[in-house]
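In UniProt numbering, the protein residues as written are 1 to 173.
Quick reminder that beta carbons are idealized off the backbone N, C-alpha and C, glycines included.
Contents: one structure, followed by commentary.
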């Protein structure tokens, strides 16, 4: 699985990534809009070990985002796989990210979901108040399809992503 873009790539999470993931999830700079997690390293390792069975069954995929030099700079996860759509989240980028890590990692998630898994659309939610991420997804072509007290719900199609990638391709040259 070759998931690389101009400055970053994605690789599947391993149990040995538990400490890095926990450091991101417990860092107040990054976790404001994420669900809580236990600070226990052994619990994180156990969660990853259990997740690997879901990965083998193609029920979810958890990635480390890393610079092309191998330096980890974030995480992203594909889950809630439905007949025609996949969800993604657990998207965190730290201070080691490259300038375009956010857009590149989003394009790689969509490449994996649309091209490798064969889906036509993606669904996801964003917590209300997470204005930078909401703006990002709207600029990518996501359409709001609902909301509740805490979240906005979006969908995006492969065509919308391709259109965004074509528009933004000049920044990667």
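So what does residue 39 bridge to, in DSSP terms? The residue labelled residue 39 in the question sits at position 39 within the chain shown. Answer by DSSP bridge pairing: none, since residue 39 is not bridged.
### Task
For residue 166, count neighbouring C-beta atoms within 10 Å of its own C-beta (all shown protein chains included) and say buried if the count is 16 or more, exposed if not.
In the chain shown, the residue the question calls residue 166 occupies position 166. Exposed: under 16 other Cβ atoms inside 10 Å.
Please state the DSSP three-state secondary structure of residue 79. Translated into positions along the chain shown, residue 79 becomes position 79. In the structure shown, residue 79 sits in a strand (DSSP, three-state: E or B).
Q) Anyone know if the C-beta pair for residue 112 and residue 78 falls short of 8 Å? A) Position 112 of the chain shown holds residue 112. Position 78 of the chain shown holds residue 78. Cβ atoms of residue 112 and residue 78: closer than 8 Å.
If we ignore side chains and look at the alpha-carbon of each, how far apart do residue 138 and residue 81 end up?
In the chain shown, counting from the first residue as 1, residue 138 sits at position 138. In the chain shown, counting from the first residue as 1, residue 81 sits at position 81. Separation of residue 138 and residue 81 (C-alpha to C-alpha, rounded to the nearest whole angstrom) is 22 Å.
- Query: From this set, 156, 3, 151, which residue's C-alpha is nearest residue 123's C-alpha?
  - Reply: Reading the chain shown from its first residue, position 123 is the one you call residue 123. Of 156, 3, 151, the residue nearest in Cα terms is 156.
Whole-number beta carbon distance between residue 145 and residue 134, since they are thought to touch under 8 Å: Position 134 of the chain shown, counted from the first residue, corresponds to residue 134. Position 145 of the chain shown, counted from the first residue, corresponds to residue 145. That pair is no contact at about 14 Å.
Problem - Bounding residues of the beta strand (DSSP E) (the contiguous stretch that carries residue 154) - result: If you number the chain shown from 1, residue 154 lands on position 154. Residues 151 to 157.
Bridge partner(s) assigned by DSSP for residue 66: Residue numbering aside, residue 66 sits at position 66 when the chain shown is read from its first letter. Answer is 9, 72, bridged to residue 66.
Distance check for residue 153 and residue 163, CA to CA, integer angstroms please. Working through the chain shown from its first residue, we reach residue 163 at position 163. Working through the chain shown from its first residue, we reach residue 153 at position 153. Straight-line Cα distance between these residues: approximately 21 Å.
DSSP beta-bridge partners of residue 123 | In the chain shown, residue 123 corresponds to position 123, counting from 1. Per DSSP, the beta-bridge partners of residue 123 are 87, 155.
Legend entry - Length of the line joining the Cα atoms of residue 168 and residue 103: Locating residue 168 in the chain shown gives position 168, counting from the first residue. Locating residue 103 in the chain shown gives position 103, counting from the first residue. When rounded, the separation of the alpha-carbon atoms in residue 168 and residue 103 is 9 Å.
### Message
Does the stretch 84 to 99 come into contact with the stretch 49 to 57, if we say contact requires no fewer than three beta-carbon pairs (one atom in each stretch) closer than 8 Å?
### Response
The stretch 84 to 99 vs the stretch 49 to 57: no contact.
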